[in-house]
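Student: So the protein lines, in turn, are chains F and Z.
Residues 1 to 367, numbered by this note's numbering, are exactly what the first sequence covers, in order.
Residues 1001 to 1367, numbered by this note's numbering, are exactly what the second sequence covers, in order.
Number of protein chains: 2
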Amino acid sequence: MTTSFAPLANDTFLRACRRQATDYTPLWLMRQAGRYLPEYKATRAKAGSFMGLATNVQYATEVTLQPLERFPLDAAILFSDILTVPDAMGLGLSFAEGEGPRFAKTVRDEAAVQALAVPDMDKLRYVFDAVTSIRRALNGRVPLIGFSGSPWTLACYMVEGGGSDDYRLVKTLMYSRPDLMHRILAVNADAVAQYLNAQIDAGAQAVMVFDSWGGVLADGCFQQFSLAYTRRVLAQLKRQGVDGQDVPRIVFTKGGGIWLQDMKGLDCEVLGLDWTANLGQARAIVGDAKALQGNIDPNVLFAPPEMVAAQARAVLDSFGSPHTDRTTTGPTHIFNLGHGISQHTPPEHVAALVETVHGYSRSLRQR
Amino acid sequence: MTTSFAPLANDTFLRACRRQATDYTPLWLMRQAGRYLPEYKATRAKAGSFMGLATNVQYATEVTLQPLERFPLDAAILFSDILTVPDAMGLGLSFAEGEGPRFAKTVRDEAAVQALAVPDMDKLRYVFDAVTSIRRALNGRVPLIGFSGSPWTLACYMVEGGGSDDYRLVKTLMYSRPDLMHRILAVNADAVAQYLNAQIDAGAQAVMVFDSWGGVLADGCFQQFSLAYTRRVLAQLKRQGVDGQDVPRIVFTKGGGIWLQDMKGLDCEVLGLDWTANLGQARAIVGDAKALQGNIDPNVLFAPPEMVAAQARAVLDSFGSPHTDRTTTGPTHIFNLGHGISQHTPPEHVAALVETVHGYSRSLRQR
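1) Could you name the residues of chain Z that H344(F) contacts, counting a contact when the two beta carbons are closer than 7 angstroms?
2) For G220(F) and chain Z, any beta-carbon pair shorter than 8 angstroms?
3) Note down, one range per segment and in chain order, each alpha helix (DSSP H) of at least 4 residues found wholly within the segment 113-197 of chain F.
4) Starting from G272(F), trace the beta strand (DSSP E) both ways and give me its first and last residue.
5) Please decide whether Y1036(Z) counts as near chain F, where near means a Cβ-Cβ distance under 8 angstroms.
6) Between the alpha carbons of T1172(Z) and V354(F), how many angstroms are there, rounded?
7) Using 8 angstroms as the threshold, is the segment 1191-1208 of chain Z in touch with the segment 1107-1127 of chain Z, meaning 3 or more CB pairs across them?
8) Please report how far the alpha carbon of I1200(Z) lies from the alpha carbon of F1005(Z), in whole angstroms.
9) I'd like to know if T328(F) contacts chain A, where contact means its C-beta is closer than 8 angstroms to some C-beta of that chain.
10) List, from N- to C-terminal side, the alpha helix (DSSP H) runs of 4 residues or more that fit wholly inside the segment 1021-1051 of chain Z.
11) For Q1058(Z), collect the residues of the same chain with a Cβ closer than 8 angstroms to its Cβ; drop the 5 residues on either side in sequence, then sort them by chain order.
12) Have a look at the DSSP bridge pairing and note the partners of M1263(Z).
13) Going by C-alpha to C-alpha distance, which of E1110(Z), Y1195(Z), S1164(Z) sits closest to P1151(Z)?
14) Whose C-alpha, out of C1221(Z), C1268(Z), W1213(Z), is nearest the C-alpha of R1232(Z)?
15) Going by the beta-carbon positions, is the gap between A33(F) and Y40(F) smaller than 8 angstroms?
16) Can you tell me the Cα-Cα spacing of R1135(Z) and E160(F), whole angstroms?
17) With 16 other CB atoms within 10 Å as the buried threshold, where does S212(F) fall?
18) Over what stretch of residues does the alpha helix (DSSP H) that includes H1358(Z) continue unbroken?
19) Would you say F1225(Z) lies against chain F (beta-carbon separation less than 8 angstroms)?
20) Please tell me whether, using a cut-off of 7 angstroms, the distance from the CB of Q20(F) to the nearest non-hydrogen atom of the ligand GDP is below it.
21) In chain order, what residues of the same chain have a beta carbon less than 8 angstroms from the beta carbon of G1140(Z), not counting five sequence neighbours either side?
22) Rounded to a whole number of angstroms, what is the C-alpha to C-alpha distance between F222(F) and A206(F)?
23) Looking at the secondary structure, which residues open and close the beta strand (DSSP E) in which T1106(Z) lies?
24) Using the beta-carbon of each residue, which ones in chain F are nearer than 7 angstroms to G1257(Z)?
25) Could you spell out where the beta strand (DSSP E) holding M89(F) opens and where it closes?
26) Within the same chain, show all residues whose beta-carbon is closer than 6 angstroms to that of S361(F), passing over the 5 residues directly before and after it, in chain order.
27) Does any C-beta atom of chain F lie closer than 8 angstroms to the C-beta of T1106(Z)?
28) Any beta carbon of chain Z sitting closer than 8 angstroms to that of Y360(F)?
29) Let's see if you can read the secondary structure: which residues bound the alpha helix (DSSP H) around Q224(F)?
30) Taking 8 angstroms as the threshold, find out whether the segment 91-105 of chain F comes into contact with the segment 67-77 of chain F through three or more Cβ pairs.
31) Which stretch, first to last residue, makes up the alpha helix (DSSP H) that contains F1319(Z)?
32) Along chain F, which residues have their Cβ under 9 angstroms away from the Cβ of A1228(Z)?
33) Can you check which of these residues, T327(F), Q366(F), G255(F), is closest to G338(F) by C-alpha distance?
34) Which term fits D325(F), buried or exposed, when burial requires 16 or more other beta carbons within 10 angstroms of its beta carbon?
35) Under three-state DSSP, which class holds R326(F)?
36) Within 10 angstroms of its Cβ, does S148(F) collect 16 or more other Cβ (buried), or is it exposed?
Quick look at the structure:
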């Protein structure tokens, strides 16, 4: 089912995921292919809609590669949406212009919950085809990251029917009928695992679980309704990609910095952090058995380039001394934003960020 | 300027603030006077608008006391808005129906920042008059809490001009022109201190600083742009109320659980926590020199009463053993929500919460 892919020219990101020493701190940006790039807007205009863009292999490949043409980023990430899985479950995903995602059907009562099932992965074929197409188009330039929303994050949208600012409906279901919530999450976890495994089979070289809304949960509920199901996903993931290489697994919980003690034991290689966490303190809690990814505030990118550079240096410094011994594993840092890049970001500020991270992190290793 | 007030019949809340043993865990609810109560909606309809309600001493007194008529809460909190101070600075606060607050003028450039000044407290006379009126109306039933938004939280609204979901404008100013942001925050801090001191002079028996948006800041920025100015407020506060009693100071930072190590040193008596924190772990970090207030998820109140009761017991249990030795101070807990109560809350679920907290916390002390 797979063909061989070109050998990897820049493996800095994968080395850092494996806690191997690198010459500099690799970086990529959450939502790096997106509306802040005029070329993205041009492709999206051709596609007609967001889902038109995400479901067309050629367009998805095109926009995934666009940021790499501008900036020497160290990884590519599949262009897709976190809600493809519930869409394949039959909930009917759409994006109204200028608004967030909407589902035609919601999952709020016992009948709707009972009707849920892991979708036929054939309905997500467009995603796996995009993965293979992007990996080919990358031609070994940098590794390709596949991804999915976490079971809890998917459940938020499935119950609310779209975005929410108070999570009232999903939390009402969780607090009133925890049994139904556990059933949704179990189906989601198994679906997410199959989905990520199919991405791995299609050529993904690392996978990331976005627990975008884990941070809205109360202590206790986070562990029970988010973390437990992320764990269920991780336990089912393939450990080897199509080229026989191991596939690092990244878990990112926005607002999860308060629960690092709980996340420390997750069976994954990398923990992603948002900007509220201090990387040095996180490292002290998590220990050196995991790489850390993050965590500059995306709003930093609205400041002038010299301020962007200063903040980027501060984030690199907060991680502490980088690991440089190539004979062993040790603490590693993958630079990223603490959340997706804003559509209002000036691209030239991104250039300043990338240049600073590469240059300054290289100089830190020569001290 | 003040008259004497009736002696306090129920001092459980103030005792807990002072870390003195109490027979049960006191509770009050953030935004306890609000739209979930039909009697509140009736008064608001008479007042015509939210600001009409907040600026009318009689109406403000009426709605402050409404929740106490329904539930045996252990404290009253002044009915007002966190944005009265920037309104008095001349920014022109209004509330459009069904929307959040809006300022007619925003503070986004050097000229607007330079024009800012601590407002004449006479412009806030309606607030201080309400405090005195409420304290009289309470007639010693429970203590009255005064409050203000934190300097950073006020700045968010002053720069954004209203609510925001990404804090882009205020963070752009902060990252681009930290000098201007520091100037806004210094003015805000001095204004907030004068405002709270005037509430204390008018009869407030405790004061609370709501740092509702501190949690959106990056690590490092929180300490520099939020916490430092909360500290500046605290340092200026009067320590004695009109009746010669000490006035406990409560600081609540939504999303601040990750920074408890930094907040531990604040010169205040009580730290408020949102639902993401574990009270037992917070107690271990903060130590027993401060009381803790919080922290049930307000969304729990949408579940049936028996589920509300179970969650309330879990929050009480998470704090750990209550202090019972009346000869000394020790760890104390003030029960509250982790954020304001939702307008959609069924009042009978609030009754279940109050009953459980009082009953179960009493039983915990008899073990």
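Beta carbons: idealized from backbone N, C-alpha and C, even for Gly.
Note that the structure is a prediction, hence the values are computed from the model and not measured.
Tutor: Straight from the coordinates:
1) R1168
2) yes
3) 125-138, 151-160, 168-176
4) 270-272
5) no
6) 19 angstroms
7) yes
8) 13 angstroms
9) The chain inventory of the structure shown lacks chain A, comprising the protein chains F and Z.
10) 1038-1047
11) S1133
12) Bridge partners of M1263(Z): none, in fact.
13) Y1195(Z)
14) C1268(Z)
15) yes
16) 42 angstroms
17) buried
18) 1347-1365
19) no
20) Of ligands this structure carries none, so the ligand GDP is not represented either.
21) F1005, A1006, P1007, L1008, A1009
22) 25 angstroms
23) Looking at the DSSP string, T1106(Z) is not in any beta strand (DSSP E), and its letter there is neither H nor E.
24) I258
25) Counting along the chain, M89(F) falls outside any beta strand (DSSP E), and DSSP gives it neither H nor E.
26) Y24, T25, L316
27) no
28) no
29) From DSSP, Q224(F) is part of no alpha helix (DSSP H); its letter is neither H nor E.
30) no
31) 1305-1319
32) Chain F residues near A1228(Z): none, gap ~17 angstroms exceeds 9 angstroms.
33) G255(F)
34) exposed
35) coil
36) buried
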